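Numbering (this note's numbering), first residue to last: 290 to 568.
Glycine included, each C-beta is placed from N, C-alpha and C at the ideal position.
Keep in mind it's a predicted model, so treat the numbers as computed, not measured.
Contents: one structure, followed by commentary.
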């Protein structure tokens, strides 16, 4: 019975045990043990833990509510690019390097954990949780970027800039032709452009409806090699309903899982994807 009571006493919060642990042991030796004492110790520990986590839970709920309210507010105010031939990217080199640095540190601490180094497991969990929390926080509080006609956006090495859009009514629909420039964000790598834009890119309207690219045509031919520093003039055609007032170009590219966790990356699940304005 005494062992059971001591086990129940370990359920009390750490600060309480540090302050009253010795007094409790002395009281337990003087008073003896019975089922009633064991029940009181167990219920007292449960109530104290409930009170403790109730405060933590209330604070966490308030913080989450404030965060999502701020995220909603940010989401209503997208950043509209100026349309002055600026280039925007889905992520940054420092953001990618930060993730790889965190992974390297986690690998080292993980080996220390396997070697049973004291507190290494807590350090591992703290670093991982801190990085993920920072990634989510930055993503939720970053406004969506709308790339205006005249500016460009890069998906990794692929860069697309919409230069002009022509619209032709066709019954209940509108036939659009977007004049675009394709170029590489690499310094040494050449890109082979065939029909990738048609397969990877699509349009989305303000209601979330998707419209595929019907045709891709390059002025330089069906297959073009884009060298660093060069651009290729092309056109994308698509058909959308006349009631689609706002149309944006986006992609359906597949990326390795670790790319989604780059710090500040557009690909993060909590980040608002950058869109290229078409209409």
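Could you tell me whether the Cβ atoms of residue 377 and residue 398 are closer together than 8 Å?
Taking the chain shown and counting its residues from 1, one reaches residue 377 at position 88. Taking the chain shown and counting its residues from 1, one reaches residue 398 at position 109. No, the pair does not count as a contact, with Cβ atoms beyond the cut-off.
With a Cβ-Cβ cutoff of 8 Å, do residue 432 and residue 368 count as a contact?
In the chain shown, counting from the first residue as 1, residue 432 sits at position 143. In the chain shown, counting from the first residue as 1, residue 368 sits at position 79. Yes, Cβ-Cβ distance for residue 432 and residue 368 is below 8 Å.
Limits of the unbroken alpha helix (DSSP H) element including residue 389
The count along the chain shown starts at 1 and reaches residue 389 at position 100. First-last of the alpha helix (DSSP H) with residue 389: 382–403.
When DSSP labels each residue in this structure, what does residue 522 get in the three-state scheme?
Residue numbering aside, residue 522 sits at position 233 when the chain shown is read from its first letter. In the structure shown, residue 522 sits in a strand (DSSP, three-state: E or B).
For the region 512–530 and the region 424–438, state whether three or more C-beta atom pairs, one from each stretch, are separated by less than 8 Å.
no
Give me the Cα-Cα distance between residue 420 and residue 391, rounded to the nearest whole angstrom.
Along the chain shown, one-based indexing puts residue 420 at 131. Along the chain shown, one-based indexing puts residue 391 at 102. About 8 Å.
Which residue's Cα is closest to the Cα of residue 358: 429, 467, 529, 506?
Residue numbering aside, residue 358 sits at position 69 when the chain shown is read from its first letter. Answer by Cα proximity: 429.
Helix, strand or coil for residue 489 per DSSP?
Your numbering for residue 489 matches position 200 in the chain shown. If DSSP states are grouped into helix, strand and coil, residue 489 belongs with the helices.
Expressed to the nearest angstrom, what Euclidean distance is found between the alpha-carbon atoms of residue 442 and residue 459?
Within the chain shown, numbered from 1, the residue matching residue 442 stands at position 153. Within the chain shown, numbered from 1, the residue matching residue 459 stands at position 170. Computed Cα separation, rounded: 30 Å.
Only counting the same chain, and skipping five residues up and downstream in sequence, which positions put a Cβ closer than 8 Å to that of residue 490?
The count along the chain shown starts at 1 and reaches residue 490 at position 201. Closer than 8 Å at the Cβ level, and outside the excluded window around residue 490, lie 449, 502, 525, 538, 539, 540, 541.
Beta-carbon proximity list for residue 385, same chain, < 6 Å, skipping 5 on both sides
Here residue 385 is taken as the residue at index 96 of the chain shown, counted from 1. 551.
Between the CA atoms of residue 534 and residue 461 - distance to the nearest angstrom:
In the chain shown, the residue the question calls residue 461 occupies position 172. In the chain shown, the residue the question calls residue 534 occupies position 245. Their Cα atoms are separated by approximately 13 Å.
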